[in-house]
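Some notes on the structure that comes next.
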Amino acid sequence: MIALPWIYLALLSLGYSLALIYGHLGWLAAISFGLLLIAGFAVRQQQIPLGRYLGHGLFIVLAVALATHWLPGFYNGRAIDPLRFTDDAVRFAMYLNQDKPLIGFWLLLVCPWIVGRRSLRLSVYATALALTVSAVLALGGALLLGVISWAPKWPDQAWLWMLNNLLLVTLVEEALFRGYIQGGLSRQFKHLPYGESLALVLASLLFGLVHLGAGWQWVLLASLAGVGYGLAYRFGGLGAAIATHFGLNLLHFGLFTYPMLAG
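Numbering (my numbering), first residue to last: 4 to 266.
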């Protein structure tokens, strides 16, 4: 499958050039860019099979470091100061991260197979079904566990939250967990009975585990939501998974306590 690398590369270059000009990116970030280039070259070359595995290993290490903001040179500005969207909610702050989006760009440029293209009609059907499943499992489960409550709202910061959540959170997470992990495992398990289902479950569990810092309830809820996202990806491709994930986050933000009830 041929990707559209020049489009992604142009957007990447423009975005990070602006970040550098406006002081949100330091020269030490060149270390991360350089290591990602090495990982990409190793994965795309065909002569040395071991090199591809090492390239994937380097990318996984970098992805963890970028997602947890360990690498230097990225000055992630705070776009929303700590506030309560409702009186019973914990305080929420939002940063416009410069480091985490590199994960998604690397995947789109180096691993075009993660896109998993489907027809528009199939993607729409898959999104509708998966969003219903995700909402029942995750939001219904959150209500039963008492971590959120009914709280319709549309604060002034909602549009900025939407843009950030779609482009810098949802797209990146789905490219990684559904496209790269679920899609990659599906390719490895294609000769096994129920191999695609096993890949979906494992990717969902990994997605749940990255929410461990918020407590066991969110590990469970994120894993359940991941099942819905995985179904969307399996039957509708990456676009359906992104739409399902963003749709669930938007329902949570607009209709329920966000991000969760205060203890």
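Idealized CB from N, CA, C, for every residue including glycine.
Checklist entry - Is the beta carbon of L254 less than 8 Å from the beta carbon of L142? => result Position 251 of the sequence shown, counted from the first residue, corresponds to residue 254. Position 139 of the sequence shown, counted from the first residue, corresponds to residue 142. In this structure, L142 lies closer than 8 Å to L254 by Cβ.
Checklist entry - Where in the region 82-141 do unbroken runs of the alpha helix (DSSP H), each at least 4 residues long, occur, reported from the N-terminal end onward? => result 104-113 and 123-137
Item to check | Proximity below 8 Å, CB of G216 to CB of Q185 | outcome: Here residue 216 refers to the residue found at position 213 of the sequence shown. Here residue 185 refers to the residue found at position 182 of the sequence shown. No, the Cβ-Cβ distance between G216 and Q185 is not below 8 Å.
Item to check | Where Y183 falls, given that 16 or more other Cβ within 10 Å makes a residue buried | outcome: Counting from one through the sequence shown, the residue named residue 183 turns up at place 180. With 16 or more other Cβ atoms inside 10 Å of its own Cβ, Y183 counts as buried.
Next on the checklist: Restricting to Cα atoms, I'd like to know which of R237, R81, N79 and H248 is closest to V175.
Outcome noted: Reading the sequence shown from its first residue, position 172 is the one you call residue 175. Considering only alpha carbons, the answer is H248.
Next on the checklist: Out of M263, A243 and N252, which one is the CA nearest neighbour of V118?
Outcome noted: Indexing the sequence shown from 1 puts residue 118 at position 115. The option with the nearest alpha carbon to V118 is A243.
Checklist entry - Should A42 and L28 be called a contact, given that it needs their Cβ atoms to be closer than 8 Å? => result Taking the sequence shown and counting its residues from 1, the one referred to as residue 42 is at position 39. Taking the sequence shown and counting its residues from 1, the one referred to as residue 28 is at position 25. Judged by beta-carbon spacing, L28 lies beyond the 8 Å limit of A42, meaning their Cβ atoms are not closer than that value.
Checklist entry - If we ignore side chains and look at the alpha-carbon of each, how far apart do V230 and G80 end up? => result As a position in the sequence shown, residue 230 is number 227, starting the count at 1. As a position in the sequence shown, residue 80 is number 77, starting the count at 1. Distance between the alpha carbons of V230 and G80: 32 Å.
Item to check | C-alpha gap between A6 and L112, whole angstroms | outcome: As a working note, residue 6 is residue 3 in the sequence shown. As a working note, residue 112 is residue 109 in the sequence shown. Confidence in A6 is poor, its pLDDT being 46 and thus under 50, which makes the residue's placement too unreliable to answer from.
Item to check | Unbroken stretches of the alpha helix (DSSP H), 4 residues or longer, contained in the region 187-224 | outcome: 198-212
Next on the checklist: With a threshold of 8 Å between beta-carbons, can G216 be considered close to chain C, or not?
Outcome noted: This model lacks chain C altogether, as it is built from one protein chain only.
Item to check | Where W73 falls: helix, strand or coil (DSSP) | outcome: One-based indexing of the sequence shown puts residue 73 at position 70. DSSP places W73 in coil when its eight states are reduced to three.
Next on the checklist: Assuming the contact rule is C-beta atoms closer than 8 Å, F210 and S200 should be a hit. Round their C-beta distance to whole Å, please.
Outcome noted: Here residue 210 refers to the residue found at position 207 when the sequence shown is read from its first residue. Here residue 200 refers to the residue found at position 197 when the sequence shown is read from its first residue. Taking C-beta atoms under 8 Å as the contact rule, F210 and S200 fail to qualify, at a distance of about 16 Å.
Checklist entry - Is L38 closer than 8 Å to L23 when the C-beta atoms are compared? => result What you label residue 23 is simply residue 20 of the sequence shown in a count that begins at 1. What you label residue 38 is simply residue 35 of the sequence shown in a count that begins at 1. Not a contact, by the Cβ cut-off of 8 Å.
Item to check | Sequence-distant residues of its chain with Cβ nearer than 7 Å to R120 (five each side left out) | outcome: As a first step, residue 120 must be located in the sequence shown, where it is residue number 117. Excluding residues within five positions, the ones whose Cβ falls inside 7 Å are G240.
Item to check | M165: first and last residue of the uninterrupted alpha helix (DSSP H) it sits in | outcome: By one-based count along the sequence shown, residue 165 stands at place 162. Start and end: A161 to N167.
Item to check | Same chain, Cβ closer than 7 Å to M4, neighbours up to 5 away in sequence not counted | outcome: Translated into positions along the sequence shown, residue 4 becomes position 1. Here M4 scores only 40 on pLDDT, less than 50, and its place in the model is too uncertain to base an answer on.
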